[in-house]
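Here's the structure, in structure tokens; my notes come after.
Numbering (this note's numbering), first residue to last: 75 to 385.
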């Protein structure tokens with residue numbers, strides 16, 4: 075949360091304990107309530123979704139608290155009362171700069187707020203779950219971990235700052251993350267709405283008529299574990315990404331409504347994984363149950379304990 079919030083609103087923001095507490099507490103509470111409402115089908119039925127259940131009241135209150143903080147940051151930045159403490163412009167700087175470009179449709183204050191909030195909410199738990207499952211897969215596949223360590227050691231010298239040029243050399247590191255995304259996709263299903271009447275042909279030849287306005291759930295988990303498209307689909311094998319997998323690998327969805335933060339997420343995960351592997355080895359604590367649980371994201375149902383040792 076510190077990373078994504080810092081990149082969106084400036085990395086000095088989370089040094090303010092009051093602001094950090096407001097954002098962390100409310101973002102966490104909102105995600106938990108949204109997940110519970112999804113499991114109970116409340117959030118999927120429009121009429122019921124608008125009813126003033128306690129969970130909706132908590133979500134509305136949390137969003138309002140975060141809105142006040144983010145809006146104050148936006149207002150101060152627009153008045154040049156604050157500047158980003160990042161080495162380069164943060165997302166808020168880029169949005170505000172685009173707003174003044176006559177060639178670009180101007181964003182309203184509401185759109186600026188929504189863009190910032192979306193990045194913070196969507197970029198928090200998804201990436202953390204990717205890192206959890208990646209470490210889990212590495213702990214269960216020591217041969218892959220050894221090859222990853224060798225690449226990281228050869229590219230990153232001691233105390234060397236990670237740069238864009240060094241990141242581009244971490245090709246196996248990227249493959250490890252891609253394979254983790256395939257096996258344990260943080261968001262394994264999405265919902266899309268049909269914009270026109272259509273018909274799909276099922277695998278058994280049956281015709282499925284879909285009316286305009288129908289919500290459709292797309293299951294990426296089944297696609298990424300299909301023997302039709304993947305050899306030994308339940309095996310953790312990063313080398314399969316030596317080749318491209320067009321239309322069969324969709325960890326961030328596809329099309330104009332694909333994940334807007336996918337490049338940021340992969341960059342962030344690559345940096346974190348390289349830094350952790352450079353310093354530590356990870357072992358699973360024995361006696362745990364590792365059961366994936368899908369709410370909004372796929373997370374370990376009972377958490378995951380790991381033992382760290384210095385390399």
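Don't be surprised by glycine CBs; every beta carbon is placed ideally from N, CA and C.
Just so it is clear, the structure is predicted and the values come from calculations on it, not from any experiment.
Can you tell me the Cβ-Cβ gap for residue i and residue j, rounded? I've got them flagged as a contact below 8 Å.
i	j	result
residue 229	residue 243	5 Å
residue 343	residue 204	6 Å
residue 98	residue 141	About 15 Å; that fails the 8 Å criterion.
residue 356	residue 211	With a Cβ gap of about 10 Å, residue 356 and residue 211 do not count as contacting.
residue 84	residue 164	5 Å
Which residues in the same chain have their Cβ closer than 6 Å to the Cβ of residue i, if we skip the five residues on either side of it in sequence?
i	result
residue 376	363
residue 295	262
residue 328	none
residue 103	136
If the criterion is Cβ atoms closer than 9 Å, does the pair residue i and residue j meet it?
i	j	result
residue 339	residue 354	no
residue 258	residue 366	yes
residue 108	residue 193	no
residue 301	residue 286	no
residue 261	residue 208	no
residue 136	residue 101	yes
residue 303	residue 288	no
residue 133	residue 373	no
residue 170	residue 147	no
residue 131	residue 183	no
residue 334	residue 196	yes
residue 215	residue 358	no
residue 151	residue 139	no
With distances taken from CA atoms, which of the options is nearest residue i?
i	options	result
residue 315	359, 191, 253 and 129	253
residue 202	222, 383 and 371	371
residue 361	324, 218, 379 and 78	379
residue 199	77, 324 and 328	77
residue 223	103, 328 and 350	350
residue 75	119, 154 and 191	191
Using DSSP's beta-bridge definition, name the partner residues of residue i.
i	result
residue 263	293
residue 368	372
residue 384	354
residue 347	The partner list for residue 347 (beta bridge, DSSP) is empty, contrary to what the question assumes.
residue 215	Answer is none; residue 215 lacks a bridge partner.
residue 325	327
residue 283	273
I'd like the list of long-range same chain contacts for residue i, defined as Cβ closer than 7 Å, with 5 residues on each side in sequence excluded.
i	result
residue 282	273, 274 and 276
residue 225	244, 246 and 247
residue 417	An answer regarding residue 417 cannot be provided, because it is not within the stretch 75 to 385 covered by the chain.
residue 255	204 and 325
residue 143	93, 96 and 97
residue 219	212
residue 319	none
residue 336	326
residue 385	353, 354 and 355
What residues in its chain sit with their C-beta under 8 Å from that of residue i, if we drop five residues either side in the sequence?
i	result
residue 227	352
residue 221	246
residue 345	236 and 241
residue 307	298, 299, 300 and 301
residue 105	195, 198, 199 and 370
residue 313	249
residue 290	265, 266, 267, 268 and 284
residue 341	241
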